[in-house]
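Peer 1: Residue numbers (the working numbering): 8 to 739. C-beta atoms are modelled at their ideal positions from N, C-alpha and C, and glycine is treated no differently. All values reported here derive from a predicted model rather than from experimental measurement.
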Amino acid sequence: MKIFLGYADNGFRREEQNTYNNNPRQTEKVEVQYGIENSVRIIQNFFSNVRKTACLCLESNAPSLTLEIKEYRDILNNTVVKRGIKLRYLTEITKENLPYCKQLMNVVELRHLDGIKGNFAVSETSYMATTIMQKEKPIPKVIYSNVPEIVEQNQYFFETLWKKAMPAEQKVKEIEEGILPIETKVLDQPDEIHNRIIKSMEISNELLICTVPNGMRLFHSEFFADILQVLKRHADGKHRGIRLVTTIQKEDLEIVKIFADAGIQIRHVQNLIPVNFAVSDKMLNATIEQMPAGLPAQSLLTSTEPLYVNHFRLIFEELWRNGVDAANRIRQMEQGHIEAHIDIINNSEQALDKAWSLVASAKEEVLLLFSTTNAFRRQAATGALQVVMRALKGGAKVKVLLPEDEQVEETIKQVKRAVPQAEFRSTDKSLETKITILVVDRKHCMLFELKDDTADNSFDAVGVTAYSSSKSIVLSYAAIIQNLWRQAELYEMMRMQERAQSEFINIAAHELRTPIQPILGIADLLESQFSDETKERGEITKDELALLIRNARRLERLSSDILEIARIETGQLRLNIREFNLNDAILPLVQDAKRQTEGKEVKIEYRPSNNNIMLRADKDRIAEVIWNLLDNAIKFTEKGTISITADRNDDSSQLLTVSVKDSGSGIDPEILPKLFTKFTSKSEKGTGLGLYICKNIVEAHGGRISAKNNEGGKGATFSFVLPIKMMNEKLF
8 MKIFLGYADN GFRREEQNTY NNNPRQTEKV EVQYGIENSV RIIQNFFSNV RKTACLCLES
68 NAPSLTLEIK EYRDILNNTV VKRGIKLRYL TEITKENLPY CKQLMNVVEL RHLDGIKGNF
128 AVSETSYMAT TIMQKEKPIP KVIYSNVPEI VEQNQYFFET LWKKAMPAEQ KVKEIEEGIL
188 PIETKVLDQP DEIHNRIIKS MEISNELLIC TVPNGMRLFH SEFFADILQV LKRHADGKHR
248 GIRLVTTIQK EDLEIVKIFA DAGIQIRHVQ NLIPVNFAVS DKMLNATIEQ MPAGLPAQSL
308 LTSTEPLYVN HFRLIFEELW RNGVDAANRI RQMEQGHIEA HIDIINNSEQ ALDKAWSLVA
368 SAKEEVLLLF STTNAFRRQA ATGALQVVMR ALKGGAKVKV LLPEDEQVEE TIKQVKRAVP
428 QAEFRSTDKS LETKITILVV DRKHCMLFEL KDDTADNSFD AVGVTAYSSS KSIVLSYAAI
488 IQNLWRQAEL YEMMRMQERA QSEFINIAAH ELRTPIQPIL GIADLLESQF SDETKERGEI
548 TKDELALLIR NARRLERLSS DILEIARIET GQLRLNIREF NLNDAILPLV QDAKRQTEGK
608 EVKIEYRPSN NNIMLRADKD RIAEVIWNLL DNAIKFTEKG TISITADRND DSSQLLTVSV
668 KDSGSGIDPE ILPKLFTKFT SKSEKGTGLG LYICKNIVEA HGGRISAKNN EGGKGATFSF
728 VLPIKMMNEK LF
């Protein structure tokens with residue numbers, strides 16, 4: 008085998024490979040021809056050696072050079088016309104070369120292929136390639152080879168391109184009639200994507216766009232000038248205009264107004280499909296990317312296939328039909344009125360995850376109404392308390408409502424111990440529903456359908472869930488829970504009232520029976536003295552008389568308290584306002600208290616003020632209040648001191664404070680919040696009405712009453728504050 012590399016005298020570089028096998032005369036070669044004259048000669052030799060068929064793949068400027076340059080025109084005539092050689096000609100047919108291509112169609116088999124770069128020809132025995140063709144100039148350099156492997160390889164390559172190409176007749180028709188080639192492809196080069204979007208607008212007669220607001224921002228920054236050109240065509244009656252659907256939120260108002268002011272018709276759709284697309288009457292461009300911050304898409308699906316185009320046009324029309332006019336949406340948002348919107352979540356796990364996430368991120372308030380007690384148990388067992396604790400740490404108030412059930416009371420107590428800041432209330436069992444309601448920060452609302460209350464876990468128990476951030480819906484459900492919360496509070500108060508009334512009846516019966524028994528005993532004693540029918544007078548001892556009087560007065564106080572309560576409840580409490588010295592009211596009460604504590608290790612202290620404390624009030628009522636406080640202090644003090652103080656807050660004050668402080672057992676923390684309500688008492692004696700009466704008498708005078716346990720945990724102090732002179736002296 009001989010290989011020769013070098014330059015011949017005639018100016019072309021030659022590579023020769025002589026292979027001596029069975030045919031020593033066969034010569035295979037690869038030539039690179041330089042110079043126009045040599046190039047033309049090689050091209051002529053190529054075509055003269057064609058037996059039946061030659062295949063050409065040439066750039067878009069080749070048709071004009073083939074017909075305008077004499078040397079190439081002659082080759083065409085000699086090869087095709089005179090010898091009858093079949094010539095398959097592959098090029099890119101464009102508007103610019105269309106006239107030349109139509110001429111070539113008369114003598115060659117012509118096909119179109121987009122984007123051809125480079126030129127080559129192949130026959131049965133030879134391969135030839137040229138450099139890029141220049142306008143009106145013959146080719147300056149040609150590569151030629153008759154190596155079978157090279158020829159076969161390029162024959163195969165040409166056949167591949169030929170199969171992908173379309174008949175010239177079809178392409179010519181598309182150009183002349185403005186018909187796009189039917190194709191579907193994915194573009195991933197930024198320039199290709201940019202040019203394709205512009206082209207879709209240029210050839211459109213109508214443009215329909217479905218995009219997220221970030222897509223609008225991209226259009227504004229990259230294509231707004233092209234959009235304005237389309238809108239100008241629409242204004243001139245040469246285009247049907249642009250319609251756009253998007254989701255409009257407060258942060259999108261500015262960009263939406265820019266597009267609307269430009270003349271684009273816009274509608275708001277809450278639930279867009281997860282595809283951004285623009286479809287005209289001829290082309291579809293689509294991407295599944297969300298284009299964050301208005302960044303361009305990295306890939307673009309583009310199609311002129313009528314099935315795709317018509318399908319996306321139908322999708323757009325459905326979205327458009329269900330959309331809200333942008334002007335109405337903007338007006339509603341600016342006025343704070345947004346239409347109701349509900350998301351349906353069929354996956355229970357997703358729904359519960361969303362609920363827990365909302366609760367954990369709560370900043371102000373969490374309202375939760377459980378459908379059943381089992382729903383509450385399931386949540387308590389799945390670690391929902393940790394989520395509630397996160398909400399509480401974030402400063403949110405948590406209120407939980409659930410149907411009353413004795414069996415769940417222990418669970419509630421455990422939960423309260425874990426999250427003492429959360430508030431729990433029970434509703435009447437009759438209010439048990441099939442829906443659990445969650446409202447967070449009065450901005451989010453979720454409704455959970457109870458599918459199976461016997462399920463062991465919440466995921467199996469929950470059915471369909473509805474979520475809404477609509478202001479009207481959220482506030483409506485918040486109002487429902489708040490009303491039920493107040494109703495539960497009233498229900499609890501009613502139950503407490505019932506218990507208190509029951510206890511009062513028992514206490515009242517005891518209070519009545521206790522003084523009645525000695526009275527009846529003494530009466531029976533006296534009656535026995537009249538067994539002799541002639542006897543007209545009986546005798547009792549001094550102690551028996553004292554017992555009789557003491558118990559009669561006890562009955563009088565009880566009846567007086569009951570009558571007083573009736574006056575308060577019916578608004579008929581009357582005050583006899585007059586001016587008096589407070590010392591004159593307190594001193595007799597102190598003496599009575601001292602007599603009552605005789606035999607006990609209790610000291611009563613009262614140091615009257617040096618100055619007379621003149622007060623305009625109902626003296627008897629104020630004395631009643633002070634005596635009630637003294638009487639309570641005596642009941643709960645076995646030994647120690649009970650002190651009474653009364654003085655102005657300061658020399659210039661128009662307020663008077665009276666306090667009774669004892670060293671007794673103090674106030675039970677359980678009843679401290681409801682100390683001044685009816686029937687509240689921890690004592691086996693007393694009806695629990697006295698402090699309620701005191702409160703109403705003090706408030707009728709324009710004052711206030713309070714109580715607290717003393718520091719150090721020993722005893723309590725009751726105080727009431729009165730104006731020295733009532734501002735409005737009227738009857739209550």
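Among all the DSSP beta bridges, which residues are the ones paired with alanine 40?
Peer 2: A small fix is needed here, since residue 40 is glutamine in this sequence, not alanine. For glutamine 40, which the question treats as bridged, DSSP gives the partners Val149.
Peer 1: I'd like to confirm the pairing. Which residues does DSSP put opposite alanine 334 in its beta bridges?
Peer 2: Answer by DSSP bridge pairing: none, since alanine 334 is not bridged.
Peer 1: Pick helix, strand or coil for isoleucine 205, following the three-state DSSP scheme.
Peer 2: DSSP places isoleucine 205 in helix when its eight states are reduced to three.
Peer 1: Which residue's Cα is closest to the Cα of isoleucine 731: Gly710, Leu662 and Lys685?
Peer 2: When only C-alpha atoms are compared, the closest one is Leu662.
Peer 1: Just reading off the beta strand (DSSP E) that asparagine 292 is part of, what are its end residues?
Peer 2: 291-294 is the span of the beta strand (DSSP E), which, as asked, contains asparagine 292.
Peer 1: How close, in whole Å, do the beta carbons of arginine 118 and leucine 97 come, if the pair is a contact with beta carbons under 8 Å?
Peer 2: Right, the Cβ-Cβ distance comes to about 5 Å (below 8 Å), so this counts as a contact.
Peer 1: From the DSSP output, in three-state form, read off serine 650 for me.
Peer 2: Here serine 650 sits in strand by DSSP.
Peer 1: Determine the DSSP secondary structure at leucine 235, reduced to helix, strand or coil.
Peer 2: Here leucine 235 sits in helix by DSSP.
Peer 1: Alpha carbons only, please: which of Arg274, Ala242, Arg250 and Asn221 is nearest the one belonging to glutamate 258?
Peer 2: Ranking Arg274, Ala242, Arg250 and Asn221 by Cα distance to glutamate 258 puts Asn221 first.
Peer 1: Taking the alpha-carbon of aspartate 195 as reference, which of Glu296, Asp288, Phe165 and Leu187 has the nearest alpha-carbon?
Peer 2: Of the listed residues, the one whose Cα sits closest to aspartate 195 is Glu296.
Peer 1: Let me know the secondary structure DSSP gives histidine 241 once reduced to three states.
Peer 2: In this structure, histidine 241 counts as helix in the three-state DSSP scheme.
Peer 1: With H, G and I counted as helix, E and B as strand and the rest as coil, what does DSSP make of aspartate 81?
Peer 2: Looking at aspartate 81 - three-state DSSP - the assignment turns out to be helix.
Peer 1: For alanine 612 and glutamine 494, I'd like the C-alpha separation in whole angstroms.
Peer 2: Note on identity: in this sequence residue 612 is glutamate, with alanine being the wrong assignment. Their Cα atoms are separated by approximately 47 Å.
Peer 1: Assign serine 152 to buried or exposed, taking buried as 16 or more other Cβ atoms, counted over all protein chains shown, within 10 Å of its Cβ.
Peer 2: So serine 152 counts as buried.
Peer 1: How many Å lie between valine 237 and methionine 290 at the Cα?
Peer 2: The alpha-carbon atoms of valine 237 and methionine 290 are separated by roughly 15 Å.
Peer 1: For aspartate 288, name the three-state secondary structure that DSSP assigns.
Peer 2: Here aspartate 288 sits in coil by DSSP.
Peer 1: Out of curiosity, what's the CA-to-CA distance linking asparagine 25 and arginine 48?
Peer 2: Interpretation of asparagine 25 is limited by its pLDDT of 41, a score under 50 that renders its predicted location unreliable; the figure taken from the coordinates is listed afterwards. Each residue's Cα considered, the two are about 23 Å apart.
Peer 1: Pull up the distance between the alpha-carbon of glutamate 571 and that of cysteine 452, whole angstroms please.
Peer 2: Spanning the two alpha carbons is a distance of roughly 49 Å.
Peer 1: Measuring CA to CA, which of Arg424, Gln277 and Arg585 is closest to isoleucine 351?
Peer 2: Considering only alpha carbons, the answer is Gln277.
Peer 1: Mind checking whether valine 219 and asparagine 283 have CB atoms under 9 Å apart?
Peer 2: Yes, Cβ-Cβ distance for valine 219 and asparagine 283 is below 9 Å.
Peer 1: Checking 9 Å against the spacing of the C-beta atoms, do aspartate 173 and leucine 111 come in under that value?
Peer 2: In the sequence on display, residue 173 carries methionine and not aspartate. Their beta carbons are not under 9 Å apart, which means methionine 173 does not touch leucine 111 by this criterion.
Peer 1: Using a Cβ distance threshold of 8 Å, determine whether the region 475-488 contacts the region 423-442, with at least three qualifying pairs required.
Peer 2: With the cut-off at 8 Å, the region 475-488 and the region 423-442 do not touch.
Peer 1: Buried or exposed: where does lysine 171 fall if 16 or more other Cβ atoms within 10 Å of its Cβ makes it buried?
Peer 2: Result: exposed.
Peer 1: Would you identify the three-state DSSP class for threonine 418, choosing helix, strand or coil?
Peer 2: In the structure shown, threonine 418 sits in a helix (DSSP, three-state: H, G or I).
Peer 1: Taking the alpha carbon of serine 130 as the point to measure from, which residue in Thr101, Ile123, Glu166 and Thr138 has its own alpha carbon closest?
Peer 2: Comparing Cα-Cα distances from serine 130 to each of Thr101, Ile123, Glu166 and Thr138, the minimum goes to Glu166.
Peer 1: Can you tell me which of the three DSSP states isoleucine 480 falls into?
Peer 2: Of the three classes helix, strand and coil, the one that applies to isoleucine 480 here is helix, per DSSP.
Peer 1: Look up serine 46 in the DSSP assignment and say whether it is helix, strand or coil.
Peer 2: Serine 46: helix per DSSP, three-state reduction.
Peer 1: When burial is assigned at 16 or more other CB atoms within 10 Å of the CB, is isoleucine 556 buried or exposed?
Peer 2: The residue in question, isoleucine 556, is exposed, as its Cβ has fewer than 16 Cβ neighbours within 10 Å.
Peer 1: Do alanine 624 and leucine 729 have their CB atoms nearer than 9 Å?
Peer 2: In contact: alanine 624 and leucine 729 (Cβ atoms closer than 9 Å).
Peer 1: Our contact map puts alanine 723 next to isoleucine 674 with C-beta atoms below 8 Å; I'd like the distance itself, whole angstroms only.
Peer 2: The pair is a contact, with the Cβ atoms about 5 Å apart (cut-off 8 Å).
Peer 1: In three-state DSSP terms, what is methionine 112?
Peer 2: Methionine 112: coil per DSSP, three-state reduction.
Peer 1: Within this structure, are the beta carbons of leucine 215 and arginine 250 separated by less than 9 Å?
Peer 2: It is a contact, given that the beta carbons lie within the stated cut-off.
Peer 1: Do proline 70 and asparagine 126 have their C-beta atoms closer together than 9 Å?
Peer 2: Cβ atoms of proline 70 and asparagine 126: not closer than 9 Å.
Peer 1: Enumerated in chain order, which unbroken segments of the alpha helix (DSSP H) with a length of 4 residues or greater are wholly contained in the region 241-273?
Peer 2: Those alpha helix (DSSP H) runs which fall completely within the region 241-273 and span 4+ residues are 260-269.
Peer 1: On the DSSP letters alone, give me the boundaries of the alpha helix (DSSP H) that glutamate 75 sits inside.
Peer 2: Taken as a continuous stretch (DSSP letters only), the alpha helix (DSSP H) holding glutamate 75 covers 69-75.
Peer 1: Within 10 Å of its beta-carbon, does glutamate 413 have 16 or more other beta-carbons around it, so buried, or fewer, so exposed?
Peer 2: Glutamate 413 comes out exposed.
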